[in-house]
Ligand code: AMP
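Residue numbers (my numbering): 1 to 120.
Here you go:
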């Protein structure tokens, strides 16, 4: 499967569609999910063109992988949901069984309230 340059997150990265930004650096962008499933629900995406976590780990540089992971901690600090506060959950859908809708790697970060069971 090839990366689709017209996926919605690619458009957000190009500035063609707006987003409610939480954090950005040279490697990542984080923004609020348009349809929040919890009180706090943001997405974290790498700026590089990767379909999902497997694609990312196979093709990204070590620096991109480190920056992506470290950005989680940066984002939850900004949102005040870190482990020093009330905590959060990270989730990523990969492939068809997961129901992944947008084919640009993204982590969902949930918090701001009790999150309940991990899976249904
Ligand atoms: P997934 O099912 O893991 O691919 O999740 C895709 C997520 O992207 C869903 O939670 C959507 O609500 C969210 N989403 C889709 N379009 C936008 C957008 N334009 N801005 C912010 N979030 C979006």
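The beta-carbon is built from N, C-alpha and C at its ideal position, and this holds for glycine as well.
Chain B beta carbons: is any one of them nearer than 9 Å to that of residue i?
i          : result
residue 14 : Chain labels in this structure do not include chain B; a single protein chain is all it has.
Using a Cβ-Cβ cutoff of less than 7 Å, which residues in the same chain neighbour residue i once the five nearest sequence positions on both sides are dropped?
i           : result
residue 40  : 79, 81, 110, 111, 112
residue 13  : 29, 47
residue 115 : 38, 89
residue 1   : 51
Is DSSP giving residue i helix, strand or coil here?
i           : result
residue 59  : helix
residue 20  : coil
residue 105 : coil
Using 8 Å as the cut-off, classify the Cβ of residue i as near or not near the heavy atoms of the ligand AMP, replying yes or no.
i           : result
residue 43  : yes
residue 98  : yes
residue 93  : yes
residue 110 : no
residue 33  : yes
residue 29  : no
residue 8   : yes
residue 102 : yes
residue 12  : yes
residue 17  : yes
residue 37  : yes
Apart from the five residues on each side of it in sequence, which residues of its chain come closer than 8 Å, Cβ to Cβ, to residue i?
i          : result
residue 64 : 27, 46, 48, 56
residue 33 : 41, 42, 43, 108
Output needed for residue i: all residues of its chain with C-beta closer than 6 Å, excluding positions within five of it in sequence on either side, in chain order.
i           : result
residue 151 : This structure does not reach residue 151, given that the chain is present from 1 up to 120, and the question cannot be answered.
At 4 residues or longer, and completely inside the segment 25-97: list those alpha helix (DSSP H) runs for me, N to C. Complete alpha helix (DSSP H) runs here, min 4: 53-59, 62-79.
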